[in-house]
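Encoded as structure tokens, the structure appears first; notes follow it.
In the UniProt record's numbering, the protein residues as written are 1 to 672.
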């Protein structure tokens, strides 16, 4: 060793000691991160067990309450019938009081039986009771993400320690070679050491992913609101979670879906899939979904929804790209295949599109639930109708594929039917009247048992996207008992969702051929309406948003305006024994009208009854009632063909019956 090497050796020795210290710290940090990862992973495992236990407990509790609800509903329904019978027919007995007492004692066996927001709504009860289990699941996922982050940190710290070890080796070798060679070892050693030090500092300052408890609660609340179909509220909850945890991929993904549904005409009726939303909502949702992917959330639903959104935004290459990524994750669910097919049709790729749609329809046919199959068939047809608006030059191909989708559903629901190439219809007309969409046409040469499909679409005012409501579309095996050949056929469709603008379209298919199509504007209304359906009895109505709705018994609804100037009561009562002659039925209706009139005023009736008045598709008899100089009333009663007594009682300011007329256009007795 030459004397002149001593200063260099001392400097290198100091650097070696410093780097060895840093290497030791990096090794310690790696061990510490690994230990934290193990601790957090164990917590995640415990949280997973807790989440599974919570889910099982909630499932058991909801099933128990629903079972109790079903078992006791007969008693409650009997009580309700007895109470309504007393109100409408004056039939009160000791048995009636007994039923009421029995029903009141059963209320505590299920929250579904108790007055409140979840009364009779198992879906709302599930959403509410599932919140603790949802929180436990989200907490487990958050802990798992934290454990994974600690694992990454441990690996990164180990990588830094490795770099420092390499640097130490090179520096050590530099002490054993001559001055002319040592620079070739020294500078790489210093560069590697600097990279290791800077990398180590970056790892130390980078925080470990940790989801705040408040963000978990906000996501769970958003999921609850989403399950209750309060999509606007769900968007607010997910936004709150994002403000608390800006890197939470789940919150972004869930907000995207809620944003689209909040602006979709199908928000109140879709269960499995939906096909329409506004362009504004789709753009906002797309930004959220892309951000969730950037955060590492390679999620099937995010990819499938991106495939759909890019189709509706006219970016077909991106639609295919994300649809194929979703298919790679799940080849069984139809939605991404539908989006792929739409992108192919939009670009005029007929052969691939036909192959894809046949595969899609085979997947839909395998879905276990009829409602799911209908929603998927409807989604295929509705998005193809939208495609025609986006790409008018693809109309011919889009309509061919639509025909194939109609054929698939018709054969799924009516498996056996004769081949009839000549059947057709003429004179198709549509008429919109509130929630009633009336249509008529004349059939010609439609063979007995032929498949006839009435496919109904809706499009909101100012929008390009069509939606198909599965409950409105009808597939039937034709019978000349329905309508003889060359004779006018009437059909009415119940329009859900309290539509007040937009347009409807109905396509008529006989076997595999579209034989007629018609579009009509939805009857407009200045009222902002909210829908209510009594599933037990089939009573359906739309009330003004500011009005209150009371439904003390099944088959009843009492509407009161905010200023108490308008009151409308509706009742449905199964008669059991229906009067056998028209005269006896007319007499019973007259007696009911008398009771209803006396409930409004003690004065004798001043107006004659008027038969042939239709409310909710049902022909009945009405009577105006004079209550005072300032107030008028109206009563109406009818007996349906299946033995239901239906009544309407209304009171309103003198000379202002328009609101009553408007409400009754949106009222149905036996909507299903």
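All residues carry an ideal CB built from backbone N, CA and C; glycine is no exception. Predicted, not measured: the structure shown is a model, and the values here were computed from it.
Of the listed residues the options, nearest to residue i (C-alpha basis)
i	options	result
residue 633	371, 337, 649	649
residue 560	545, 553, 572	545
residue 77	584, 434, 555	555
residue 464	143, 384, 646, 485	384
residue 225	295, 10, 131, 153	131
residue 524	257, 666, 28	666
residue 198	428, 502, 127, 19	19
residue 156	592, 196, 409	196
residue 614	640, 607, 587, 190	640
residue 370	337, 409, 206, 349	409
residue 675	69, 595, 425, 160	Nothing about residue 675 can be reported from this structure: the residues present for the chain run from 1 to 672 only.
residue 476	508, 486, 460	508
residue 547	660, 506, 654, 594	660
residue 428	506, 448, 459	506
residue 430	493, 421, 466, 259	493
residue 533	435, 67, 580	435
residue 152	35, 170, 503, 437	35
CB contact flag (residue i, residue j, <8 Å)
i	j	result
residue 273	residue 141	no
residue 166	residue 192	yes
residue 276	residue 266	yes
residue 51	residue 133	yes
residue 216	residue 138	yes
residue 324	residue 340	yes
residue 470	residue 378	yes
residue 65	residue 125	yes
residue 363	residue 404	no
residue 531	residue 501	no
residue 527	residue 662	yes
residue 37	residue 154	yes
residue 79	residue 85	no
residue 541	residue 570	yes
residue 16	residue 164	no
residue 646	residue 668	no
residue 573	residue 88	yes
residue 316	residue 281	no
residue 244	residue 207	no
Reduced DSSP secondary structure (H/G/I, E/B, other) of residue i
i	result
residue 464	coil
residue 378	helix
residue 627	coil
residue 323	helix
residue 264	coil
residue 663	helix
residue 392	helix
residue 300	helix
residue 257	helix
residue 595	helix
residue 551	coil
residue 570	strand
residue 428	strand
residue 478	coil
residue 95	Summary for residue 95: the model assigns pLDDT 49, below 50, so the residue's position carries little reliability; its value from the coordinates is reported in the next sentence. The answer is helix: DSSP assigns residue 95 an H, G or I state.
residue 561	coil
residue 657	coil
residue 2	The predicted position of residue 2 is uncertain, since its pLDDT is 48 and thus under 50; no value can be drawn from it.
residue 166	helix
residue 531	strand
residue 317	helix
residue 454	strand
residue 546	coil
residue 511	coil
residue 448	coil
CB-CB length for residue i against residue j, believed under 8 Å
i	j	result
residue 446	residue 520	Their Cβ separation, rounded to whole angstroms, is 23 Å, which puts residue 446 and residue 520 out of contact at 8 Å.
residue 388	residue 381	11 Å between Cβ atoms; not a contact.
residue 497	residue 235	Actually they are not in contact, since the Cβ atoms of residue 497 and residue 235 sit about 20 Å apart, beyond 8 Å.
residue 620	residue 638	3 Å
residue 299	residue 257	11 Å between Cβ atoms; not a contact.
residue 623	residue 657	Contact doesn't hold; Cβ gap of about 13 Å is too wide.
residue 261	residue 231	4 Å
residue 326	residue 307	6 Å
Cβ-heavy atom distance, residue i to the ligand SAH, below 7 Å
i	result
residue 656	As presented, the structure is devoid of all ligands, the ligand SAH included, so that no description of it is given.
Quick test of the definition: if touching needs 3 or more C-beta pairs under 8 Å, does the stretch 560-568 touch the stretch 649-660? A contact exists between the stretch 560-568 and the stretch 649-660.
Mind the definition here: the stretch 281-296 touches the stretch 252-259 only if three or more C-beta pairs lie below 8 Å; say whether that holds. The count of Cβ pairs closer than 8 Å, one atom from the stretch 281-296 and one from the stretch 252-259, reaches three, so the stretches are in contact.
Touching by the beta-carbon criterion (3+ pairs, under 8 Å), the stretch 395-413 and the stretch 482-492: With the rule of 3 Cβ pairs closer than 8 Å, the stretch 395-413 does not count as touching the stretch 482-492.
Three Cβ pairs or more, each shorter than 8 Å: is that satisfied between the stretch 413-433 and the stretch 450-461? With the cut-off at 8 Å, the stretch 413-433 and the stretch 450-461 touch.
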